[in-house]
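Residue numbers (the numbering used here), protein chains in the order written: chain A, 17 to 164; chain B, 101 to 787.
Note that CB positions come from ideal geometry on N, CA and C, so glycine has one too.
As the structure is a computational prediction, the values presented were derived from the model and not from experiment.
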């Protein structure tokens, strides 16, 4: 675990949406929960699925697939809610499956300004490469502002 | 000891002092002859000076010192109270408030000198009273001094260890002194002051003993005096000078701990005794002190009782409130468990638990209650200034200041009230001439009343001014295209008044500094509704206007009616529920495409919640009977159609959070017994 002492190493929570792998900076992830009952909230955008009760706190839930305009998936045993929190504002994100937590060195993270006019390119901090896998690293701040 | 820990106390107490100064000034303006008020102002200025000095806020101390000088001249009758002088004192108060605000935001008093004000005060003083140069020891303090004189010095005994230290020091040619410091009775931050004294002493000496103990002094566990034994190379003169230069030190007794001084002391028959002859140099004796502990005990009992109140950080109360909320949720869960065997004992216990939680909730809510006075008390000054500015004579009559409201409401209610009061002063109350012509007394009256009515607190702002010109309002509404002139004909008084609450709707002909920009009443309304309140306006042209605000007593926990809409559960605040009616679908009629029903001969518009809330439902099922929850909003009724009723329940209101804050129809969320979330309907925006 020598690597963790290195300030150039960041830890990410890696999860799946469809076939793609995505990652969040672990510092922003409060907790990962199993799927639970979501109360629909009227007059919200379709990607806001509603709110849950997380130990007394009401937390809005966003369907990340729907947000990224991916076809929606059937809920499985692997479906998880990733709770992220920035400046006291929490948001839960529905993802297909949690893979692992992964340490990535700065060298293995590539900026992707060259990906073209992808609609959500703003919400990506970079792409992590790890043993031949490609992990899209998301910007939690942007995701949170997306929920507005 | 760190001064920062006193900053908070300083700020809180200064706030209170400034408030009482404000009240006293207002009183004094009305009754210039009232010596009691003058004394009060003087007392506050004096206390503030002391506190500011302690905290090292020298500019603040300087200003209060100058104020004190002027006030002293007033008290001694060397000058008279004039309106100009009162204005200046008000300005001083404003400056003091500015200092305080700077202190609150930065921790320091800032760089602003307000030298103009200092000069003004100085001029006033020197113009009238060349001779009067009052020192800090003003009459108010002199009385205190007399009291201080009576107080006992705690019996004092030096133990062997300490005595050895003294012996050693004297052998080295140092002096040992016993110093008793008497603090001014008006000293507010005693321990901070003591800290400064200790620092001063430590510059020149070593403190080997202190009665009471240093820890007790830090905790303010002492009267207005304490005694220390120090050893020093310096002369007693140094200490005398040092101690007397510290503010709020009434006097300091310095006794040299050698045989002569002791003899002298006993000859004077002072109770300083206790320092036994055994103390004399070289003597071995001096048993462990018995008297000391007694002395301390006496000190403890003679200490004036501190007030029965405790300052608590509002955050801590919020934590407490949250815990109570959790408890109530848990209780509701317990009571709602269905897969258990319910013995009688279990039911009894659950009922008992229910009673306790309800009481606990009440108790916590009561702790959070703050009298509206804390908001009201700034209004007299505001109305005074506004009236002066407008050149009108206005009296503000306040009542029910003791009425209590939840802290969160108190924090929010100030702004809307300022708006309403300014409206009354600016648009309501006419100029003296106009009033005279209309046969009214020249001085206008504004009434601000608060009282409790059931589960609501009512706040009324009423004036005897010119009232609202409804015809003009109507014309304006037509002008702005809000209605056409035909509809306008049939509008009720209430409907016309409701235009006043539309954004950017102002009937004022000229825009003044105070109001008329048309950003008034709609903001007030939004704010009140956000607090779960209702606002109503009654007005009679030529006679006056009355605005009635109805606020809920508590915000966090309410009684609610739970209903099903489709498969979803929603909560409606019970305070808004007027009645529940069952009607057949055929009873629904139409008026201008709006669905209505007849309820006790009144036409009540109905709202199909399922449609408004976009609830998904199975097609084809036509109910034979509709459940209508009749909602009361102010004086108006409307009917919400729901699918079925679940029942009444105590619910804890939770915020939906920042991200979902702007959903109009939902006021918040609550956690049900099964752990699921139900949304609370925002009756104000739906009805």
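Considering just the uninterrupted stretch of the alpha helix (DSSP H) at residue i, what are its terminal residues?
i, result
"residue 421/B", "414-436"
"residue 586/B", "585-589"
"residue 169/B", "158-175"
"residue 183/B", "183-206"
"residue 261/B", "260-271"
"residue 452/B", "444-468"
"residue 310/B", "That residue, residue 310/B, is in no alpha helix (DSSP H); its beta strand (DSSP E) goes 305-311."
"residue 50/A", "First-last for residue 50/A: 45-50, but that is the beta strand (DSSP E), not the alpha helix (DSSP H)."
"residue 483/B", "479-490"
"residue 534/B", "532-537"
"residue 699/B", "Element bounds for residue 699/B: not the alpha helix (DSSP H) but the beta strand (DSSP E), 694-699."
Going by the beta-carbon positions, is the gap between residue i and residue j smaller than 9 Å?
i, j, result
"residue 291/B", "residue 325/B", "no"
"residue 43/A", "residue 119/A", "no"
"residue 112/A", "residue 34/A", "yes"
"residue 739/B", "residue 699/B", "yes"
"residue 145/A", "residue 126/A", "yes"
"residue 150/B", "residue 286/B", "yes"
"residue 684/B", "residue 621/B", "no"
"residue 295/B", "residue 353/B", "no"
"residue 478/B", "residue 514/B", "yes"
"residue 107/B", "residue 58/A", "no"
"residue 846/B", "residue 547/B", "Since the first and last residues shown for chain B are 101 and 787, residue 846/B lies out of range."
"residue 193/B", "residue 139/B", "no"
"residue 110/A", "residue 45/A", "no"
"residue 355/B", "residue 279/B", "yes"
List the whole-angstrom C-beta distance separating residue i from residue j, where the pair is believed to meet the contact cut-off of C-beta under 8 Å.
i, j, result
"residue 53/A", "residue 776/B", "5 Å"
"residue 107/A", "residue 76/A", "6 Å"
"residue 105/A", "residue 758/B", "5 Å"
"residue 472/B", "residue 501/B", "6 Å"
"residue 139/A", "residue 114/A", "Going by Cβ atoms, the distance from residue 139/A to residue 114/A rounds to 19 Å, so no, they are not a contact pair."
"residue 629/B", "residue 784/B", "5 Å"
"residue 568/B", "residue 651/B", "Rounded, the Cβ-Cβ distance is 23 Å, inconsistent with contact."
"residue 506/B", "residue 653/B", "7 Å"
"residue 160/B", "residue 118/B", "Their Cβ separation, rounded to whole angstroms, is 11 Å, which puts residue 160/B and residue 118/B out of contact at 8 Å."
"residue 309/B", "residue 329/B", "4 Å"
"residue 572/B", "residue 529/B", "With 8 Å as the limit, residue 572/B and residue 529/B do not qualify as a contact, their Cβ atoms being about 18 Å apart."
Would you kindly work out how many angstroms separate the C-alpha atoms of residue i and residue j, rounded to a whole number?
i, j, result
"residue 97/A", "residue 152/A", "18 Å"
"residue 393/B", "residue 258/B", "Reliability fails at residue 393/B, whose pLDDT of 40 lies under 50, so the model's placement of it is uncertain and no value is given."
"residue 299/B", "residue 199/B", "27 Å"
"residue 710/B", "residue 760/B", "20 Å"
"residue 474/B", "residue 127/B", "18 Å"
"residue 635/B", "residue 649/B", "5 Å"
"residue 537/B", "residue 525/B", "19 Å"
"residue 742/B", "residue 676/B", "15 Å"
"residue 645/B", "residue 516/B", "16 Å"
"residue 344/B", "residue 277/B", "16 Å"
"residue 461/B", "residue 713/B", "32 Å"
"residue 302/B", "residue 357/B", "18 Å"
"residue 490/B", "residue 531/B", "8 Å"
"residue 80/A", "residue 25/A", "26 Å"
"residue 583/B", "residue 704/B", "22 Å"
"residue 633/B", "residue 601/B", "15 Å"
"residue 773/B", "residue 518/B", "42 Å"
"residue 211/B", "residue 351/B", "33 Å"
"residue 481/B", "residue 217/B", "20 Å"
"residue 574/B", "residue 496/B", "30 Å"
"residue 116/A", "residue 154/A", "15 Å"
"residue 790/B", "residue 669/B", "With chain B represented from 101 up to 787, any question about residue 790/B goes unanswered, as that position is not in the structure."
"residue 697/B", "residue 463/B", "42 Å"
Between which two residues does the beta strand (DSSP E) carrying residue i extend?
i, result
"residue 649/B", "644-652"
"residue 690/B", "689-691"
"residue 474/B", "Note, residue 474/B: premise wrong, no beta strand (DSSP E); alpha helix (DSSP H) at 473-476."
"residue 41/A", "36-41"
"residue 410/B", "Taken as a continuous stretch (DSSP letters only), residue 410/B belongs to no beta strand (DSSP E), as it is neither H nor E."
"residue 120/A", "113-121"
Measure from the C-beta of residue i to each C-beta in chain C and report whether the shortest distance is under 9 Å.
i, result
"residue 114/A", "Protein chains A and B are contained in the structure displayed, whereas chain C is not."
Problem - Three-pair Cβ contact test at 8 Å for the segment 659-667 of chain B versus the segment 559-566 of chain B - result: no
Practice task
Please confirm if the segment 164-176 of chain B is in contact with the segment 198-214 of chain B, defined as three or more CB-CB distances below 8 Å between the two stretches.
Solution key: Short answer: they don't touch.
Exercise for the section: Would you check if the segment 260-280 of chain B and the segment 328-335 of chain B touch, i.e. whether three or more CB-CB distances between them fall below 8 Å? Expected result: yes
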